[in-house]
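J.: Let me begin by handing over the structure; questions about it come next.
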Amino acid sequence: MRLLKKHGILVFWFFLLADCYLILTEKEGLRYLTKPVLIPVLLFYIFLNAKPHLFKHTKKFVFIAFLCAWLGDVFLMGKGNFWFIVGMLAFIAAHLIWAAIFIRMHKPEIKHSQEVVIGLAILICWNYAILHFIGPNLGNMKIPILVYMVIISLMALSTVNLLGSRSKQNLAINFFIPGAVLFMISDSVLALRMFLYTDVSFLSVVVMVSYGYAISLLADGFAHYLRG
Numbered sequence: 001m002r003l004l005k006k007h008g009i010l011v012f013w014f015f016l017l018a019d020c021y022l023i024l025t026e027k028e029g030l031r032y033l034t035k036p037v038l039i040p041v042l043l044f045y046i047f048l049n050a051k052p053h054l055f056k057h058t059k060k061f062v063f064i065a066f067l068c069a070w071l072g073d074v075f076l077m078g079k080g081n082f083w084f085i086v087g088m089l090a091f092i093a094a095h096l097i098w099a100a101i102f103i104r105m106h107k108p109e110i111k112h113s114q115e116v117v118i119g120l121a122i123l124i125c126w127n128y129a130i131l132h133f134i135g136p137n138l139g140n141m142k143i144p145i146l147v148y149m150v151i152i153s154l155m156a157l158s159t160v161n162l163l164g165s166r167s168k169q170n171l172a173i174n175f176f177i178p179g180a181v182l183f184m185i186s187d188s189v190l191a192l193r194m195f196l197y198t199d200v201s202f203l204s205v206v207v208m209v210s211y212g213y214a215i216s217l218l219a220d221g222f223a224h225y226l227r228g
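With our numbering applied, the sequence shown covers 1 to 228.
Here's what the structure looks like:
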């Protein structure tokens, strides 16, 4: 436990790189030994570093959000549209809970809305560009993908909103905003891999590295926040 408390992020990266190696060597069956371990490692890291008697409600929401992300990881290991949609629903739940946590950490204020407006403009351009590339290939997946884009954009905007709080600015800049940006990059590459560049297997590694970096930043940010 001491190892996970002090070096949980390093342990996470060990399993993440092992998972990427299995992708590169096309040993998909062995990924059931690596990918499902990733988020439990981060949960141990977060809660071993959290102060026992602080942020009780926030801890519950953090746990549920990462649990949803873990379910998403597991479901996305399945093949076909059914498992993709179920996995996406799990991540939608995770993003909604993360957004709720960030808004709870700092409620939006009109006087600090400039950063959010700029962030919204960037997100609209980003999502439009991705849809421009993959839109013709989405078929009946168009609505689910659009819904997911809206939800993850909401989560990203909720991290930008933290810039309005002096006490949370450093957490936002160092952990939460980069984590949200990397999440969007990871999911965008995943969409390109699934619906456009289906024969470029290396993109799966790009997806995992960017996703791993994203969720480890969120975990590290919550670990710092829950220390008090």
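Built from N, CA and C at the ideal position, the CB exists for glycine as well. This structure is a prediction, so every number in the text was calculated from the model and none was measured.
(1) To the nearest angstrom, how far is it from the Cα of Lys168 to the Cα of Met105?
(2) Taking just the CA atoms, how far does Trp70 sit from Pro52?
(3) So within the region 126-208, which uninterrupted alpha helix (DSSP H) runs reach at least 4 residues, ignoring any that extend past its ends?
(4) Straight-line CA distance for Lys5 to Asp220?
(5) Tell me whether Phe176 is buried or exposed, calling it buried when 16 or more other Cβ atoms sit within 10 Å of its Cβ.
(6) Take Val117 as the anchor and find which of Val160, Leu33, Trp126, Met1 has the nearest alpha-carbon.
(7) Using C-beta distances below 6 Å, list every residue in its chain close to Leu43, excluding the 5 sequence neighbours before and after it, in chain order.
(8) Which whole-angstrom value is the C-beta distance of Asn206 and Val181, which I expect to be below 8 Å?
(9) How far does the alpha helix (DSSP H) with Pro40 in it extend, from its first residue to its last?
(10) Take Leu127 as the anchor and find which of Asp187, Leu3, Leu162 has the nearest alpha-carbon.
(11) Can you give me the start and stop residues for the alpha helix (DSSP H) that Phe55 sits inside?
(12) Look at the alpha carbon of Phe47 and the alpha carbon of Ala223, and state the distance between them as a whole number of angstroms.
(13) What did DSSP end up calling Arg227 once you bin it into helix, strand or coil?
(14) When burial is assigned at 16 or more other CB atoms within 10 Å of the CB, is Ser216 buried or exposed?
(15) Is the distance from the Cβ of Tyr148 to the Cβ of Ile92 below 9 Å?
(16) Looking at Ala223 and the ligand GTP, is the gap between the Cβ and the nearest heavy atom below 8 Å?
(17) To the nearest angstrom, report how far apart Tyr45 and Phe63 are at their CA atoms.
(18) Quick one: what's got a C-beta closer than 8 Å to Lys59's C-beta in the same chain, skipping five residues either side?
(19) According to DSSP, simplified to helix, strand and coil, what is Gly78?
(20) Where does Ala121 land, buried or exposed, given buried means 16+ other C-beta within 10 angstroms?
T.: Checking against the coordinates, here is how it stands:
(1) Residue mapping note: residue 168 aligns to position 168 of the sequence shown, counting from 1. Residue mapping note: residue 105 aligns to position 105 of the sequence shown, counting from 1. Roughly 8 Å between the two C-alpha positions.
(2) For this step, residue 52 is matched to residue 52 along the sequence shown. For this step, residue 70 is matched to residue 70 along the sequence shown. Their Cα atoms are separated by approximately 23 Å.
(3) Counting whole runs of 4 or more residues, the region 126-208 contains the alpha helix (DSSP H) stretches 142-161, 177-195.
(4) The residue you call residue 5 lines up with position 5 of the sequence shown. The residue you call residue 220 lines up with position 220 of the sequence shown. The straight-line gap from Cα to Cα measures roughly 11 Å.
(5) Reading the sequence shown from its first residue, position 176 is the one you call residue 176. Result: buried.
(6) What you label residue 117 is simply residue 117 of the sequence shown in a count that begins at 1. Nearest C-alpha to Val117: Val160.
(7) Position 43 of the sequence shown, counted from the first residue, corresponds to residue 43. Phe66.
(8) Taking the first residue of the sequence shown as 1, we reach residue 206 at position 206. Taking the first residue of the sequence shown as 1, we reach residue 181 at position 181. Before going on, a small fix: residue 206 reads as Val here, not Asn. At roughly 15 Å, the Cβ-Cβ gap does not stay under 8 Å, so Val206 and Val181 are not in contact.
(9) By one-based count along the sequence shown, residue 40 stands at place 40. Per DSSP, Pro40 belongs to the alpha helix (DSSP H) from 38-49.
(10) Here residue 127 corresponds to residue number 127 of the sequence shown, with the count starting at 1. Correcting the residue identity first, residue 127 is Asn in this sequence and not Leu. When only C-alpha atoms are compared, the closest one is Asp187.
(11) Numbered from 1 along the sequence shown, position 55 holds the residue referred to as residue 55. Careful: Phe55 lies outside any alpha helix (DSSP H) and carries neither H nor E.
(12) One-based indexing of the sequence shown puts residue 47 at position 47. One-based indexing of the sequence shown puts residue 223 at position 223. So the two alpha carbons sit approximately 7 Å from each other.
(13) Counted from its first residue, the sequence shown places residue 227 at position 227. If DSSP states are grouped into helix, strand and coil, Arg227 belongs with coil.
(14) Indexing the sequence shown from 1 puts residue 216 at position 216. Burial call: buried.
(15) Residue numbering aside, residue 148 sits at position 148 when the sequence shown is read from its first letter. Residue numbering aside, residue 92 sits at position 92 when the sequence shown is read from its first letter. Against a cut-off of 9 Å, the Cβ pair of Ile92 and Tyr148 comes out as a contact.
(16) You won't find the ligand GTP in this model; it holds no ligand whatsoever.
(17) Counted from its first residue, the sequence shown places residue 45 at position 45. Counted from its first residue, the sequence shown places residue 63 at position 63. In a straight line, the C-alpha of Tyr45 is about 12 Å away from that of Phe63.
(18) Position 59 of the sequence shown, counted from the first residue, corresponds to residue 59. Cβ neighbours of Lys59 beyond the five flanking positions: Phe47, Ala50, Leu226.
(19) For the purposes of this step, residue 78 is taken as the residue at position 78 of the sequence shown. The answer is coil: DSSP assigns Gly78 none of H, G, I, E or B.
(20) Sequence index remark: in the sequence shown, residue 121 carries index 121 (1-based). Within 10 angstroms of the beta-carbon of Ala121 lie fewer than 16 other beta-carbons, which makes it exposed.
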